[in-house]
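Student: Please read through the structure below; I'll follow up with questions.
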Amino acid sequence: MTIGPIRLALLLLSAAAASGCARSLEDSAVDRAGSAARAATGASGLAIAVIERGRIEHVWTSGARNARGDTLQAQTVMYGASLTKAVFGYLVAQLADEGRIELDRPIAALLPRQLPAYGNLDAYGNWGDLAGDDRWRALTPRMLLNHASGFANFSFLEPDGRLRFHFAPGSRYAYSGEGIMLLQFVLEQGLGLDVEAELQRRIFVPAGATRTSLKWRADFASDLADGWDAAGKPHPHDERSRVRAAGSMDTTPWDMAHIAAFMIRGEGLSRRARAGWARGTLPITTRQQFPTLLPDAPPADRPLALAALGVIAFNGPQGPGWYKGGHDDITANTLVCVERRRRCVLVLANDVRAERAFPAIVRTILGDTGVPYRWEYPGLPAY
């Protein structure tokens, strides 16, 4: 009998789960889980961090960071992708906690000019395309962080490349980087904030994340991860020159673990604001997350999940939790946290093929959480 690579990985991950207890997973179990995932998927590099009671318990790395075979390590700079959105949402929650911004107040009240009057801006979005459609006036910070703007993920995905509304703002969920970029624009134009500087001051520096930025830094080059696509072909790391809250963050396994611990502990937020940041307020009604703008699914096919402020909230066997993924053609990341005992698992991969093993890795380390991976990653061999 031949055992396929994914099936073999699941068997190995089950063994790893059996060897580590639910309350204190042994380092060897994390090592076996990660090694099995790499072997099964062919992923080049993989990093796993485990957080218990809000503190980092283990950071594990394995594999290569580039085609030369240099080792991926805890301080290797990797692409954070859309994990950026979770961190940005936390920043906005801090601003709301301080009264600098109201989550449910229309952004029109914050901008000095009407949004379409700013025109189409390469660094942000094609706001000029919205001229003549006053629905932009209904948009609020919460809607934008909930992915309820009504926009496509990005306007360049539209047949004509123009930004438009597909549904009434706030009425439903549809993942949109455009919405996140609009909120960044509002913070910078309306409040006069520098988003990168605010993230450094409020989150990265207090968390001890010294090798994290939303803009490329020259010192990253000394220990940098390239990426591998689905065909196993390596590609160079993108040196992103613009701060983009939708997904330009570079970070390291060590740094991102500290940021995750910072957030699960609720640092920099009042208790009420921290609860509100991860409390879902918008039900998700589609069968899967991508492609965006899918029609509503029958109730039985919808995930038990709600959109929160830059993350997705769920309630499973271990109680409430939240998560965020990150993905592009050469990157796969996931962060899953459960509020009880402040437990998290972070997985960063510089190889998109590793994504197939994410459900098994997370289940091995955290147990059954109820994270809606069937919605996030439809079609995987096991969840």
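In mature numbering (1 follows the signal peptide of the UniProt record, and there is no 0), the protein residues as written are -17 to -1, 1 to 366.
A virtual CB, placed ideally from N, CA and C, is assigned to each residue, including glycine.
Among residues of its own chain, excluding the 5 on either side of E359, which ones have a beta-carbon nearer than 7 Å to its beta-carbon?
Tutor: Within the same chain, E359 has close Cβ partners Q272 and G308.
Student: In this structure, does DSSP put W305 in helix, strand or coil?
Tutor: W305 falls in the strand class under three-state DSSP.
Student: Start and end of the alpha helix (DSSP H) containing Y356?
Tutor: Unbroken alpha helix (DSSP H) run through Y356: Y356 to E359.
Student: Does the pairing of the stretch 60 to 72 with the stretch 200 to 211 give three or more beta-carbon distances under 8 Å?
Tutor: Judged by Cβ distances under 8 Å, the stretch 60 to 72 makes contact with the stretch 200 to 211, as three or more pairs qualify.
Student: With distances taken Cα to Cα, identify the nearest neighbour of G293 among P303, A131 and G175.
Tutor: That would be A131, whose Cα lies nearest to the Cα of G293.
Student: Counting only the same chain and skipping the five closest in sequence on each side, list residues whose C-beta sits under 6 Å from that of R36.
Tutor: Within the same chain, R36 has close Cβ partners R324 and R325.
Student: In chain order, what residues of the same chain lie with their CB nearer than 6 Å to the CB of A5, ignoring the 5 residues before and after it?
Tutor: Low local confidence applies: a pLDDT of 41 at A5 is under 50, so the model's placement there is unreliable, with the coordinate-based value given in what follows. Result list for A5: G350, in chain order.
Student: Taking the beta strand (DSSP E) that G28 falls in, what are its first and last residues?
Tutor: Where G28 is concerned, the enclosing beta strand (DSSP E) stretches over G28 to E35.
Student: Output the boundary residues of the beta strand (DSSP E) element that contains S45.
Tutor: Segment R38 to G46, the beta strand (DSSP E) holding S45.
Student: Tell me whether G82 is buried or exposed, calling it buried when 16 or more other Cβ atoms sit within 10 Å of its Cβ.
Tutor: It is exposed - the Cβ of G82 has fewer than 16 other Cβ atoms within 10 Å.
Student: Between A121 and the rest of its own chain, which residues show a CB-CB distance below 8 Å, the 5 nearest in sequence each way excluded?
Tutor: Answer for A121: P89, A151, P152 and G153, listed in chain order.
Student: Are Y156 and N129 touching if we call contact CB-CB under 8 Å?
Tutor: In this structure, N129 lies closer than 8 Å to Y156 by Cβ.
Student: Buried or exposed: S138, going by 16 or more other Cβ atoms within 10 Å of its Cβ?
Tutor: S138 is buried by the Cβ-count criterion.
Student: How many angstroms separate the CA atom of T269 from the CA atom of H218?
Tutor: Using only the alpha carbons, I get a separation of about 33 Å.
Student: Helix, strand or coil: how does DSSP classify G210 here?
Tutor: Note: G210 maps to strand in three-state DSSP.
Student: Pairing CB atoms from the stretch 140 to 149 with CB atoms from the stretch 170 to 182, are three or more of them under 8 Å?
Tutor: No, the stretch 140 to 149 is not in contact with the stretch 170 to 182.
Student: Ordered along the chain, which non-local residues of its own chain (more than five positions away) have a Cβ less than 8 Å from that of F75?
Tutor: At residue 75 the sequence reads Val, which differs from the Phe that was named. Correct list, in chain order: I84, L86, P124, L128, L166, L170, L292 and G293.
Student: Would you call G28 buried or exposed, if buried means 16 or more other Cβ atoms sit within 10 Å of its Cβ?
Tutor: Looking at its Cβ environment, which holds 16 or more other Cβ atoms inside 10 Å, G28 is buried.
Student: Counting pairs of beta carbons, one from the stretch 99 to 115 and one from the stretch 250 to 268, are three or more of them closer than 8 Å?
Tutor: At 8 Å Cβ cutoff, the stretches do not touch.
Student: For A68, count neighbouring C-beta atoms within 10 Å of its own C-beta (all shown protein chains included) and say buried if the count is 16 or more, exposed if not.
Tutor: Ala is not the amino acid found at residue 68; the sequence shown has Lys there. With 16 or more other Cβ atoms within 10 Å, it is buried.
Student: Any idea which residues DSSP pairs A296 with across the strands?
Tutor: In DSSP, A296 forms a bridge with L289 and W305.
Student: Hey, R257 and G249 are a contact pair by Cβ (cut 8 Å); roughly how many whole angstroms apart?
Tutor: About 3 Å; that satisfies the 8 Å criterion.
Student: Drop a sphere of 10 angstroms on the beta-carbon of R225, count the other beta-carbons inside from all chains shown, and report buried for 16 or more, exposed for fewer.
Tutor: Result: exposed.
Student: What is the residue span of the beta strand (DSSP E) that D233 lies within?
Tutor: Its beta strand (DSSP E) spans residues M232 to T234.
Student: Please report the residue range of the beta strand (DSSP E) in which L165 lies.
Tutor: Element bounds for L165: not the beta strand (DSSP E) but the alpha helix (DSSP H), G160 to G173.
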